[in-house]
Each structure stands twice: as C-alpha cells, then as structure tokens.
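Quick note on the working numbering: the sequence shown kicks off at 122 and runs consecutively. Backbone N, C-alpha and C fix where the C-beta goes; we use that ideal spot for every residue, glycine too.
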Amino acid sequence: MNIRSIILAASIPLFILLAAVNGALLYFQSRAEMMRGLDQRAIAAAVTGAEFFSQMDRPRLVVDDPVRMRAITIAMRYLPGLDGYYLVDRDGGKVELAAPVRPWNPVAAAGGSAAVALSQGEVGERHVVALAPVAGGGFVAARFDAEPLFARIDDLRRWIMLGVGLAALIGLAAGWYVARRIVRDLAVSRATMNALEAEGALPDAEGLSISEAADLAAALRLVDANRRAARSRLRNQVVQQDRERTDVAAFATWRQSVFPPVSATLAGAAVAARIVGAAPPGAFYVLCEGKGGAVLVVGECEGADAVDALASAIAARRFLERQWWLSGPEQAIALARSAFAVTRLDYRCWTEIAPPEAALLLLTDDAETARRAEIYARIDPDIAPDLLLDGLAALLHPAGIFGALRRA
C-alpha cells in the first residue's frame, strides 16, 4: 500500500465523518426548532380562540353573529398553514370556524389540551393539532398542516447529503493534493539517494515544498559533498605519497617493519627497544628469552650497500635468537661477528632470580647525543623503558638503535 492510498483512505472518511456529524447536528436541531415553532403556533391559535369564547355566555351562537364571524375569518388569514378550526361544546357538538382542506374529527383528538405532532399518517396527512379548554365546558381545536415543515426538513436532508458528498470530493481533492506533494518530494529524495549510490549528478532539489524533505535533500547533498571531499583528499594523498616515494623512504619503511618498536616484560624486567632516526642500515636489536632468563642485544653489521647491511642485520638477529642459549653468549657473539660482519655489539643478560639494574643501551655515532641520553636516563631511573625512549626521541632527535631496561 503506497503513501497516496494511505492518505486518501484516511482523508476521505475523515471529511465524510465531519460533514455527517455536522449535518446530523444541523438536521436534528433544525427539525426540533421547526416542530417546536409549529407546535407553538397551533397552541397560540387554540388558546387565543378559547379565551375569546370564554368571554361569551353562549359560544355556539358566534356563527349567528356576522360581525364576530367576519372578525374570526379575518384573524384566520394571519395563520398560515391552518387546516381546520373548531369550537366543540361540552356535549360534543362542533362548530366549524375555519373549513379544513381535508375533513377531520376534533372530538377524536380531544385526548389532551396541548399541541401534539401527528406524524404517523401517510405523506400528505401529517398535521399538528392543538386543543384549549373553554370556560363552561368544551374546547377549541386548531389543526395546522405539517407538510410544508416536513418538506423543508426533506430539503434540508437533501442538502446535508449533498454536503456529505461534497465533503467526500473535497477530501479526495485535498488528499490527492497532499499525497501528490509528498510523493513528488519523496521521489526527489529517492532520485538523490539513487544518484549517490550510482555516484552520479544529484537532481535539483530547489522546488521541494515540504521542509522535512528539503532537510533530507540537504543532508544527502552534505553526504555527497563529504564523500567527494574525502575522495579528493585521498587522491591528493596518493599523489603526494607517489611524489615522496623514494628508495630511501622505501628502505626506512622496510626496516621499520622488520624491526618494529618493542615493549615487553621478560624474566622480571621491563624492556623497550627501537630504531630512532636515520640509524645505520646494518643496525639491529635482539630480544629473546630462555633458561629462566632473557637478553637484550643491540648491534651493527657492515655490508656492501645499505640493503646488504640490512640483510646481514636480519640474519644476525635470527642467528642470535637461536644460538644465544645453545652456544652461550661469547661463542654466539664470536660466530655472529665472523659470519655477519658484526662491528659493534652491546648486550644485557638477566634472570628472574637476578633482575637487572636500570640500563640504557645505545648504538649511535653521535657522542654528544649518547652523553646527554645517559644523563637523562640517570635523572629518573624508575621511569618505564618505553617512556624513556619516547622522551629521548622527542628531546634529542637521535639516530641509532636505543634499548632500555629496568626491574619490573
């Protein structure tokens, strides 16, 4: 079920219900008022005649007095809808003061003295009858034709039904108009999302009349702008990286991946080691554990070129990791020096039983940097090794292999 059907299904019954309720209220209120007015007219006519005849000694002789009959006849002209006016004495005799269009018996209607709406007969026989007592006995009966009233009520009913039908048409038109606007704006939003998915040009959203749809379109355009900006930044970054990609940078990246910064706790000691700055291409470090202890080694290998030196450093690290505990430190170092052209090497060994004191292992060609690093390390001997190396890198900008350890 689409949104157009939902809106039409909701709006048309709502308009019909509102029109029907208002029409029903108007119908019953108007009918009651018109019936009450006709009842009051009949009662007024009967009571006025009863008071008039109550002032006479012999009311039946009114027909013998042409002056009074003429006055009564003239008065009847001011009572539209009057359909019979009778004077009934105490014995049931009746005097016809105004002839009815359709004959009727006032004695049969003498069940009360108030106006009564008689609407049970066939169409064309609905009347309102009023009875009023006369002093000395008898009563006056006045009957009014109710057909004009019911004709007006029927006209009102037809107008109400027409109004209900018109309300249904208005509901249809209003629902269709609202649904058309919503569907049109949603179609623009859907086209915008499809364009985003297809990475095409976004449709024009200037004609949107619903603020929520306009906000959605603006949000989608913002998403598209952010996506385009991200792609532009990515392209610029790729171009910049292509420009900056050199043999030196590639070599540094490769060595950084082979010798990543390490921070660990081995045999009761906290250890950290890393390559900092433009270290010699053959620089390396080894951190291994075995036989209840651990060792940190920093060293440098020579080579025909930078790649050869780095390859020797990698091989030396792997060799020392395997041979340190098998052959012992002295023999492992001697074999590494001869096999991998290790020119410089420093190390610290410790065990869980004999953890190391705080120490800083340096492999750098800058003597001043090495001196200042030693001073900084002695300032706070309890600092964590990785934090110490971070501080040295930030303060001194050194170049080389740095290692630090202390008791955990």
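Using the C-alpha atoms, what's the distance from proline 187 back to serine 240? Because the pLDDT of serine 240 is 36, which lies under 50, any placement of that residue in the model is unreliable, and the number read from its coordinates should be weighed accordingly. Whole-angstrom Cα-Cα distance: 36 Å.
In whole angstroms, give me the CA-to-CA distance for arginine 279 and aspartate 306. When rounded, the distance between both Cα atoms is 40 Å.
Cβ-Cβ distance between alanine 505 and leucine 481 below 8 Å: Not a contact, by the Cβ cut-off of 8 Å.
Measure the Cβ-Cβ separation of isoleucine 195 and alanine 289 and say whether it is below 8 Å. For the 8 Å CB-CB criterion, isoleucine 195 and alanine 289 do not form a contact.
Indicate the three-state DSSP secondary structure (helix, strand or coil) for phenylalanine 136 in the structure shown. Helix, per DSSP.
By DSSP, does glycine 245 sit in helix, in strand, or in coil? Residue placement at glycine 245 is flagged as unreliable, the pLDDT there being 46, under the threshold of 50; a coordinate-derived value is accordingly withheld.
For tryptophan 375, count neighbouring Cβ atoms within 10 angstroms of its own Cβ and tell me buried if that reaches 16, exposed if not. Label assigned to tryptophan 375: exposed.
Tell me the residue span of the alpha helix (DSSP H) that contains valine 428. From DSSP, the alpha helix (DSSP H) with valine 428 extends over 427 to 448.
The alpha helix (DSSP H) spanning valine 209 covers which residue range? First-last for valine 209: 203 to 209, but that is the beta strand (DSSP E), not the alpha helix (DSSP H).
Glutamate 473 versus Leu387, Ser151 and Ala404, residue with shortest Cα-Cα distance: Answer by Cα proximity: Leu387.
So what does valine 397 bridge to, in DSSP terms? Note: valine 397 sits in a beta bridge opposite Gly521.
Length of the line joining the Cα atoms of alanine 462 and alanine 350: In a straight line, the C-alpha of alanine 462 is about 52 Å away from that of alanine 350.
Distance, alanine 475 Cα to alanine 373 Cα: Answer to the nearest angstrom: the Cα atoms are 37 Å apart.
The stretch 380 to 398 touching the stretch 518 to 525, judged by at least three CB pairs closer than 8 Å: Put simply, the stretch 380 to 398 touches the stretch 518 to 525. At least three CB pairs are less than 8 Å apart.
Using only alpha-carbon positions, find the residue among Pro227, Thr490, Ala529 and Asp486 that is nearest to aspartate 507. Closest option to aspartate 507, Cα to Cα, is Ala529.
Alpha carbon to alpha carbon, how far is isoleucine 149 from leucine 270? The sequence shown places phenylalanine at residue 149, not isoleucine. Approximately 13 Å between the Cα atoms of the pair.
N-terminal and C-terminal residue of the beta strand (DSSP E) that threonine 386 is part of: 383 to 387 is the span of the beta strand (DSSP E), which, as asked, contains threonine 386.
Going by beta carbon distance, what residues of the same chain come within less than 7 Å of leucine 135, once the five residues before and after it are set aside? Once the five neighbours on either side are set aside, the close Cβ partners of leucine 135 are Gly292.
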